[in-house]
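Undergrad:
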Amino acid sequence: MMKRVFAANWKMNHGPAEAAEFVRHFVAGFAPASDRTVILFPSALALAVAREGLRARPEIKVGVQNIHWEDRGAFTGETSAPIARAAGADYVLVGHSERRHVFGETDEEAGKKVAAGIRAGLTPVLCVGETAGERERGETAAVVLRQLRSGLAQSGRTGVAACLVAYEPVWAIGTGKTATPRDAAEVHVAIRAELRALGGDGAVNVPILYGGSVNQENAATLLAADEVGGLLVGGASLDAGRWCAIART
Ligand code: 13P
28 MMKRVFAANW
38 KMNHGPAEAA
48 EFVRHFVAGF
58 APASDRTVIL
68 FPSALALAVA
78 REGLRARPEI
88 KVGVQNIHWE
98 DRGAFTGETS
108 APIARAAGAD
118 YVLVGHSERR
128 HVFGETDEEA
138 GKKVAAGIRA
148 GLTPVLCVGE
158 TAGERERGET
168 AAVVLRQLRS
178 GLAQSGRTGV
188 AACLVAYEPV
198 WAIGTGKTAT
208 PRDAAEVHVA
218 IRAELRALGG
228 DGAVNVPILY
238 GGSVNQENAA
248 TLLAADEVGG
258 LLVGGASLDA
268 GRWCAIART
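Note that our numbering numbers the sequence shown so that position 86 is 113, with each residue one more than the last.
1. Could you tell me the distance, in whole angstroms, from the CA atom of V121 to the CA atom of V214?
2. With respect to the beta strand (DSSP E) encompassing G257, which residues constitute its N-terminal and C-terminal limits?
3. Could you tell me whether the segment 262 to 271 touches the segment 223 to 231, using the rule of 3 or more Cβ pairs below 8 Å?
4. How is P196 classed by DSSP in three states: helix, strand or coil?
5. For H123, name the three-state secondary structure that DSSP assigns.
6. Starting from A55, trace the alpha helix (DSSP H) both ways and give me its first and last residue.
7. Exposed or buried, what is H128 when buried is set at 16 or more other beta-carbons lying within 10 Å of its beta-carbon?
8. Determine whether the beta carbon atoms of G42 and A77 lie at a separation below 8 Å.
9. Counting only beta-carbon atoms, is K140 nearer than 8 Å to chain D?
10. With burial defined as no fewer than 16 other Cβ atoms inside 10 Å of the residue's Cβ, what is the status of A246: buried or exposed?
11. Going by CA-CA distance only, name the one from A159, S240, L149 that's closest to A111.
12. For H95, which residues does DSSP report across the bridge?
13. Distance, Cα to Cα, R63 vs V119?
14. Just the C-alpha distance for R162 and G238, rounded to the nearest angstrom, thanks.
15. Would you check if the distance between the CB atom of L236 and the CB atom of G257 is smaller than 8 Å?
16. Tell me, please, which residues DSSP counts as bridged to K38.
17. Leaving aside the five residues before and after A193 along the sequence, list all residues of the same chain whose C-beta is less than 6 Å from its C-beta, in chain order.
18. Please report the distance separating the alpha-carbon of R82 from that of R173.
19. Let me check you understand the geometry: is the CB of V241 closer than 7 Å to at least one non-hydrogen atom of the ligand 13P?
20. Which residues in the same chain have their Cβ closer than 7 Å to the Cβ of R219, if we skip the five residues on either side of it in sequence?
21. How big is the Cα-Cα spacing for V89 and A189?
22. With a cut-off of 8 Å on the beta carbons, I'd call G138 and G178 a contact; round off their distance for me.
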């Protein structure tokens with residue numbers, strides 16, 4: 028049995044004090060469970076505080092929401108993979124739709140970030156997903172698989188096995204609309220086939236997460252869909268009680 032993955036993307040919410048408070052509540056309410064992996068993605072400036080609050084619960088992991096692809100240098104405002112790793116991050120989100128669509132991040136840049144993350148010992152969570160327009164035009168599979176191939180292009184066959192993938196349809200993020208379990212399964216099955224083609228046997232156990240308006244009401248149904256190995260949650264992960272309920276699914 029593959030471990031289910033529950034990942035909380037706090038986006039630009041929760042400073043250090045709120046992160047500390049959240050973690051206090053979460054560890055009190057969430058019993059250790061060896062059949063699942065839980066990852067919190069706080070703001071980079073709240074990462075150390077979250078990590079510290081989880082000292083007695085090393086099975087709960089933390090990650091950063093973005094990195095630069097270079098290890099160091101004159102890149103004002105950016106965080107490198109080695110710095111994120113040294114600050115306690117285990118994971119990194121790469122190519123989140125907000126990075127792609129608000130900040131103009133390209134497929135190629137996502138590929139460089141995945142490679143940088145792996146080089147530094149971080150586990151990248153490569154995010155892919157189509158916009159509403161692309162879906163209406165019947166381009167879902169083409170867009171998602173293009174993002175997947177580019178995202179993994181610079182990491183080689185072994186790199187494929189070192190990642191997680193998250194399918195987040197852009198039209199489902201923060202909108203209250205979710206993909207139906209059948210639609211999610213269709214895309215997840217296509218992602219799995221492409222992962223196998225790119226990474227061979229090593230890709231069989233790569234978890235493929237679903238994200239986009241996930242909450243405690245729809246979590247179980249989405250997790251029951253074919254090849255849905257976990258959830259990447261935004262809004263509903265900001266409250267420790269709601270997040271506890273989702274992570275227990
Ligand atoms: P919501 O759960 O708020 O729709 O956000 C999903 C997301 O973007 C997680 O990365």
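Each residue gets a CB set at the ideal place from its N, CA and C atoms; glycine is no exception.
TA: In this structure, then:
1. To locate residue 121, count along the sequence shown from 1; it is residue 94. To locate residue 214, count along the sequence shown from 1; it is residue 187. If I take the Cα positions, the gap works out to 19 Å.
2. The count along the sequence shown starts at 1 and reaches residue 257 at position 230. 257 to 260 is the extent of the beta strand (DSSP E) around G257.
3. no
4. On the sequence shown, residue 196 is found 169 positions in, with the first residue counted as 1. P196 falls in the coil class under three-state DSSP.
5. Within the sequence shown, the letter at position 96 stands for residue 123. Residue state, collapsed to three classes: coil.
6. Sequence index remark: in the sequence shown, residue 55 carries index 28 (1-based). Residues 43 to 56.
7. As a working mapping, residue 128 is identified with position 101 in the sequence shown. The residue is exposed, with fewer than 16 neighbouring Cβ atoms inside 10 Å.
8. Numbered from its first residue, the sequence shown carries residue 42 at position 15. Numbered from its first residue, the sequence shown carries residue 77 at position 50. Contact: no.
9. Protein chain content of the structure displayed is limited to a single chain, and chain D is not contained in it.
10. Translated into the one-based positions of the sequence shown, residue 246 becomes position 219. Under this definition A246 is a buried residue.
11. What you label residue 111 is simply residue 84 of the sequence shown in a count that begins at 1. Of A159, S240, L149, the residue nearest in Cα terms is L149.
12. Your numbering for residue 95 matches position 68 in the sequence shown. In DSSP, H95 forms a bridge with S107.
13. Against the sequence shown, residue 63 aligns to sequence position 36. Against the sequence shown, residue 119 aligns to sequence position 92. Straight-line Cα distance between these residues: approximately 18 Å.
14. Along the sequence shown, read from residue 1 onward, the residue named residue 162 stands at position 135. Along the sequence shown, read from residue 1 onward, the residue named residue 238 stands at position 211. Roughly 16 Å separates the two Cα atoms.
15. Along the sequence shown, read from residue 1 onward, the residue named residue 236 stands at position 209. Along the sequence shown, read from residue 1 onward, the residue named residue 257 stands at position 230. Going by C-beta atoms, L236 is nearer than 8 Å to G257.
16. For this step, residue 38 is matched to residue 11 along the sequence shown. DSSP lists no partner for K38.
17. In the sequence shown, residue 193 corresponds to position 166, counting from 1. Cβ neighbours of A193 beyond the five flanking positions: V152, C154, L236, G238, L259.
18. Within the sequence shown, numbered from 1, the residue matching residue 82 stands at position 55. Within the sequence shown, numbered from 1, the residue matching residue 173 stands at position 146. Taking the straight line from one Cα to the other gives about 39 Å.
19. Position 214 of the sequence shown, counted from the first residue, corresponds to residue 241. Yes; taking the cut-off as 7 Å, the Cβ of V241 has a heavy atom of the ligand 13P nearer than that.
20. By 1-based counting over the sequence shown, the position of residue 219 is 192. Counting only Cβ-Cβ distances below 7 Å, and skipping sequence neighbours, we find I235, E254.
21. Stepping through the sequence shown from its first residue, residue 89 is reached at position 62. Stepping through the sequence shown from its first residue, residue 189 is reached at position 162. Approximately 16 Å between the Cα atoms of the pair.
22. Along the sequence shown, read from residue 1 onward, the residue named residue 138 stands at position 111. Along the sequence shown, read from residue 1 onward, the residue named residue 178 stands at position 151. The C-beta distance from G138 to G178 rounds to 5 Å, short enough to fall under 8 Å.
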